[in-house]
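Visitor: Take a look at this one; I'll ask things after.
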């Protein structure tokens, strides 16, 4: 037994030696650490990197413009971590960021990892703004530190369900979700709203976030002749789904949520994407003051926007905005300023309700025409 | 004998002291996130020891072990969260979850008794996935598991008003939640180690080894292979269920994505890498595979220290290095880092 | 009826892809009794390499006919995957041929992680679209629809499988493979170069994986560094269902699994009165798999092996 104990000690010592780096104060500037967490490996790595880039762009801009808090020059430094979209890893990196002394966190990307991590940020009184977690449960925990800059599933789903029935005139609706927290949450809300608006849900089918073959469920849906197919899920599934609908000769319209409203969808589905509909919270980028400028800056630096980087960018600015008003990067001080946020971002006007959800958030509907997402209309969500 | 005993007591004393002080040393040297990781690592030690009974002792390749972990976690969440409005104490739920997992171990083990080797592997993998899919979908027609949304706000381990999620002042020191959790997990891990050691040297343990080496011959010598295989499944599952309950209380949130196939594979890697059927090896494997991927997060700092700048994003490099480590260890120590003497002999035989 | 026919077509196309990948698992298993977990990743590599070539060609020579471009993609992907298969066998499996049984399983998992991450470093984290170079024709048969791509997949799969059976049954290499599968030692005593045979098995299996990878990405219109894991898992299940180690079994298992998934997802909701829906598709597939194995412990076509000591 003892021989092996020695082995552990050696390994532990090696770990200590390797990881002892701590953030250092750099010159005359105060270094303030900001955390960013998203999946940087695994199937959603492309979205995770997009979020990181959004935060980084905002952070670089703020640094370039110069930030002074409490009379001292402040340099922001980004600590970006990979949670692999895994709840357990999410809590580990959350604790790691807290240890490293971040004063605020932009993240996480998925609801499934945002929720368990929010407990750790709350326990340590570190403000957290998620750019893209939409599950209602995230802000329902009652933590003072939990905020998000995107409308939640209930807000967006209500708009989508209403829109499908009243504006698109769909009487018979088929609903598919990918059995993730996001897809299922959104699809359930769409179903509720569509029924309330007088639509009939003729089929409810399911897939997974790893699937690419939907022929079986689409064939079954085709037999029920719906006017519209709603899919709660992301673009890697939505694109082949649209193609396969065309292949089966289905006439039904395709409607998706923010996971499908991406340039990648058009790239992946090609000509079949024509006519597809999807929503995204907030206002269209080009309609926003500074929106097209953001897009140009982002694409010059990191290539195409994947999906949530504008929200990540706004979330970062909202955080710094609160610090500026508090004139401090001390979480204890600027946390009190976050509820008073009224910030004009590239995704819309950002204000928070008592839970940390965005108030009166708008949802915009888009349709693919001539190989581009065209804005159809912007709807104010219920609350 | 007595002098051997004395020196043994001395080593045990030293070990106990080391283990008791470990979270403080780690906290001071590396930061609190490493104490949290230590908690997780202990959890994986329990899981790996549980799977070791099935795979290492009885030689039944089980790729669906995570199902029992999930069961334990969900039982805890059902009985101690706002989901059903129940808030039973942990000392009632943990044994219940472990027992239920054990029962499922027998239920799922029974149909597989005729299967061998890789066929058993794929059937257990199937059971693991089936349980996960049910957890993911049983939010309708009756909301049992809350589906993919998971169950939130699960109660931490609490005794009276003493909660493991809050810091406490004891003897002038502040014990935070992760420190206290460490001691609870350590205690249970030691119990699991103790049971594993006793099993290994018992009639049951030797019968398992006989089944692993040659099932037909074992049956011929009068060993009831059916009951003993079921017992191995049940014991392994019980430990899995226990770890699951602890995981639920520790995280405060569970959702089906924590219980996927990759998790089962990782636990299997732990025991094979460490040394199958050999308790210190299994413990080492569990610690290594929990801590290594986290240590590899620092590759960015290493690159900066070595080359002055970062060439490859640490997030991209981390899993690549992890994969390479898996291959390298197996190539240089095919029987694991610390194989049992029996396996070492077998390996030498096979080579010769 | 048209729905039934459509589900049959869906299942057959999906199943022939599974079958092609399953063959790679089963060939290696037949000879080495090793689950080559990295096989799914070789399929992914096939898709990625061919897409890189196709993308480059589409840029360099936009006028080329689609089938030619696809052929060029295949012509590069197949040798690359063959080399990869050879390399993996040499580095990760051969040194462990006499090691405890689970050791090569762990290296296989390690290799699979390595390949995924290398692909991620080379081609990035994005989903890569398959350019629209192939004819998109659609045919109606008795109310069901079938596309040119689907027909091509079915025909190609049948051709490849027939060729493979011919190779294994009629050629010297095939005979050597069968002999090695029965007993490595006796085969080597009879003058069979066992190492060469095993390497050839990996090479052939990897070539099949490359073709399957290209098919999958052309059919679904995308490729991603993570696509091999699930495909590999399904194909492995198919190989076990058919009886692992048996070529005919892999084909049968693949087709069956495709059909089970298709009919499962299509009819499970109606059959259970809406209690279970298409979210239990995989449960249904695994249930069939488990039921088959419980009653026929070595798969549908697997030899009933007497326990070896």
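Chains as they are written, first to last, in our numbering: chain A, 1 to 383; chain B, 1001 to 1352; chain C, 2001 to 2309. Where a beta carbon is used, it is the ideal one built from N, C-alpha and C, also for glycine. Since we're looking at a predicted model, the values are computed, not measured.
I need the DSSP call for residue 2126/C, collapsed to helix, strand or coil.
Guide: Stepping through the third chain from its first residue, residue 2126/C is reached at position 126. Coil.
Visitor: Using a C-beta to C-beta distance shorter than 7 Å, which residues of chain C count as neighbours of residue 216/A?
Guide: Here the question's residue 216/A lines up with position 216 in the first chain. Result: 2007, 2010, 2261, 2262, 2265 and 2266.
Visitor: From what residue to what residue does the alpha helix (DSSP H) around residue 235/A run?
Guide: Against the first chain, residue 235/A aligns to sequence position 235. 235-247 is the span of the alpha helix (DSSP H), which, as asked, contains residue 235/A.
Visitor: Which runs of the alpha helix (DSSP H) fall wholly inside the segment 1264-1315 of chain B and span at least 4 residues, in chain order?
Guide: Segments of the alpha helix (DSSP H) lying fully in the segment 1264-1315 of chain B: 1279-1295 and 1299-1307.
Visitor: Give a yes or no on whether 8 Å exceeds the smallest Cβ distance from residue 1351/B to chain C.
Guide: As a position in the second chain, residue 1351/B is number 351, starting the count at 1. For residue 1351/B, the pLDDT reaches just 46, beneath the cut-off of 50, and the residue's location in the model is therefore unreliable, although a value from the coordinates is still provided. Yes, its Cβ sits closer than 8 Å to a Cβ of chain C.
Visitor: Taking the alpha-carbon of residue 2023/C as reference, which of 2007/C, 2043/C and 2073/C has the nearest alpha-carbon?
Guide: Here residue 2023/C is taken as the residue at index 23 of the third chain, counted from 1. The residue with the shortest Cα to Cα distance from residue 2023/C is 2043/C.
Visitor: For residue 288/A, list the residues DSSP reports as bridge partners.
Guide: To locate residue 288/A, count along the first chain from 1; it is residue 288. Residue 288/A is not bridged to any residue.
Visitor: Counting beta carbon pairs with one atom in the segment 132-143 of chain A and one in the segment 193-211 of chain A, are three or more of them shorter than 8 Å?
Guide: With a cut-off of 8 Å, the segment 132-143 of chain A and the segment 193-211 of chain A do not count as touching, because too few Cβ pairs lie within range.
Visitor: Counting only C-beta atoms, is residue 226/A closer than 8 Å to chain C at any point?
Guide: As a position in the first chain, residue 226/A is number 226, starting the count at 1. False, the Cβ-Cβ gap to chain C never drops below 8 Å.
Visitor: For the pair the segment 1099-1116 of chain B and the segment 2283-2294 of chain C, tell me if three or more CB-CB distances fall below 8 Å.
Guide: Output reads yes: the segment 2283-2294 of chain C touches the segment 1099-1116 of chain B.
Visitor: Can you check DSSP and say which residues form a bridge with residue 106/A?
Guide: Taking the first chain and counting its residues from 1, the one referred to as residue 106/A is at position 106. DSSP output for residue 106/A lists 36/A and 129/A as bridge partner(s).
Visitor: Could you give the uninterrupted runs of the alpha helix (DSSP H) lying entirely in the segment 265-335 of chain A, keeping only those of 4 residues or more?
Guide: Qualifying alpha helix (DSSP H) stretches, in chain order: 291-302, 309-326 and 331-334.
Visitor: Near residue 1258/B, which residues of its chain fall below 6 Å by C-beta distance, leaving aside the five closest residues on each side in sequence?
Guide: By one-based count along the second chain, residue 1258/B stands at place 258. Result list for residue 1258/B: empty, nothing under 6 Å.
Visitor: Any beta carbon from chain A within less than 8 Å of residue 2057/C's own beta carbon?
Guide: The residue labelled residue 2057/C in the question sits at position 57 within the third chain. No, residue 2057/C lies away from the interface with chain A (no Cβ there is under 8 Å from its Cβ).
Visitor: Taking Cβ-Cβ distances shorter than 7 Å, what residues in chain A pair up with residue 1148/B?
Guide: If you number the second chain from 1, residue 1148/B lands on position 148. Result: 179, 180, 181 and 184.
Visitor: What's the C-alpha gap between residue 100/A and residue 1152/B?
Guide: Translated into positions along the first chain, residue 100/A becomes position 100. Translated into positions along the second chain, residue 1152/B becomes position 152. Approximately 26 Å, taken between the alpha carbons.
Visitor: Which residue's Cα is closest to the Cα of residue 1324/B: 2111/C, 2277/C and 2166/C?
Guide: As a first step, residue 1324/B must be located in the second chain, where it is residue number 324. For the residues 2111/C, 2277/C and 2166/C, the minimum Cα distance to residue 1324/B belongs to 2111/C.
Visitor: Would you identify the three-state DSSP class for residue 144/A, choosing helix, strand or coil?
Guide: Taking the first residue of the first chain as position 1, residue 144/A is located at position 144. Three-state result, residue 144/A: coil.
Visitor: Is it the case that the segment 1325-1337 of chain B contacts the segment 2215-2227 of chain C, given that we only count it when at least three CB pairs across the two stretches are under 8 Å?
Guide: Segments in contact, no.
Visitor: For residue 375/A, list the residues DSSP reports as bridge partners.
Guide: As a position in the first chain, residue 375/A is number 375, starting the count at 1. According to DSSP, which records beta bridges pairwise, residue 375/A is partnered with 366/A.
Visitor: Leaving out five residues before and five after residue 2003/C in sequence, what residues of the same chain have Cβ atoms less than 6 Å from its Cβ?
Guide: Indexing the third chain from 1 puts residue 2003/C at position 3. So no residue of the chain qualifies.
Visitor: With distances taken from CA atoms, which of 339/A, 364/A and 251/A is nearest residue 286/A?
Guide: Position 286 of the first chain, counted from the start, is the residue given in the question as residue 286/A. Residue 286/A has its Cα closest to that of 364/A, out of 339/A, 364/A and 251/A.
Visitor: Could you run through the segment 2139-2167 of chain C and flag, in chain order, every residue whose CB is less than 7 Å away from some CB of chain A?
Guide: Residues 2145 and 2147.
Visitor: Using a Cβ-Cβ cut-off of 8 Å, state whether residue 2224/C counts as contacting chain B.
Guide: Looking up residue 2224/C in the third chain gives position 224. By this cut-off, residue 2224/C is not an interface position.
Visitor: Identify, in the order they occur along the chain, each residue of the same chain with its Cβ nearer than 6 Å to the Cβ of residue 1045/B, setting aside the five sequence neighbours on each side.
Guide: In the second chain, counting from the first residue as 1, residue 1045/B sits at position 45. So the list reads 1189, 1283 and 1286, once near-sequence residues are dropped.
Visitor: Which of the residues in the segment 2054-2083 of chain C, read from start to end, lie with their CB under 9 Å from any CB of chain B?
Guide: Listed by position along the chain: nothing, the set is empty.
Visitor: Can you find the residues in the same chain that come closer than 8 Å, C-beta to C-beta, to residue 2168/C, ignoring five residues on each side of it along the sequence?
Guide: The residue labelled residue 2168/C in the question sits at position 168 within the third chain. Closer than 8 Å at Cβ, skipping near neighbours: 2174, 2177, 2178 and 2247.
Visitor: Taking the C-alpha atoms as reference points, what is the distance between residue 48/A and residue 1058/B?
Guide: Counting from 1 along the first chain, the entry for residue 48/A is found at position 48. Counting from 1 along the second chain, the entry for residue 1058/B is found at position 58. Between residue 48/A and residue 1058/B, the C-alpha separation is close to 42 Å.
Visitor: Compare the C-beta of residue 1206/B against all C-beta atoms of chain C and say whether one is closer than 8 Å.
Guide: Translated into the one-based positions of the second chain, residue 1206/B becomes position 206. Output row for residue 1206/B: interface = no.
Visitor: Between the C-alpha atoms of residue 357/A and residue 185/A, what's the straight-line distance to the nearest angstrom?
Guide: Along the first chain, one-based indexing puts residue 357/A at 357. Along the first chain, one-based indexing puts residue 185/A at 185. Approximately 16 Å, taken between the alpha carbons.
Visitor: By alpha-carbon positions, which one of 56/A, 339/A, 275/A and 214/A ends up nearest to residue 233/A?
Guide: In the first chain, residue 233/A corresponds to position 233, counting from 1. Looking at the Cα atoms, 214/A is the closest of the given residues.
Visitor: Between residue 2036/C and residue 2108/C, is the Cβ-Cβ spacing less than 8 Å?
Guide: Counting from one through the third chain, the residue named residue 2036/C turns up at place 36. Counting from one through the third chain, the residue named residue 2108/C turns up at place 108. Against a cut-off of 8 Å, the Cβ pair of residue 2108/C and residue 2036/C comes out as a contact.
Visitor: Given a limit of 9 Å on CB to CB distance, which residues of the segment 80-92 of chain A reach chain B?
Guide: Of all residues in the segment 80-92 of chain A, 80, 81, 82, 84, 85, 86, 87, 88, 89, 91 and 92 have a Cβ within less than 9 Å of some Cβ in chain B.
Visitor: Which residues in the same chain have their Cβ closer than 8 Å to the Cβ of residue 2105/C, if we skip the five residues on either side of it in sequence?
Guide: Indexing the third chain from 1 puts residue 2105/C at position 105. Closer than 8 Å at the Cβ level, and outside the excluded window around residue 2105/C, lie 2034, 2035 and 2037.
Visitor: Is the CB of residue 2125/C under 8 Å away from at least one CB in chain A?
Guide: Here residue 2125/C is taken as the residue at index 125 of the third chain, counted from 1. Yes, residue 2125/C lies at the interface with chain A (some Cβ there is under 8 Å from its Cβ).
Visitor: For residue 248/A versus residue 228/A, is the C-beta distance shorter than 8 Å?
Guide: Residue 248/A sits at position 248 when you count from the first residue of the first chain. Residue 228/A sits at position 228 when you count from the first residue of the first chain. For residue 248/A and residue 228/A, no; Cβs fall outside 8 Å.
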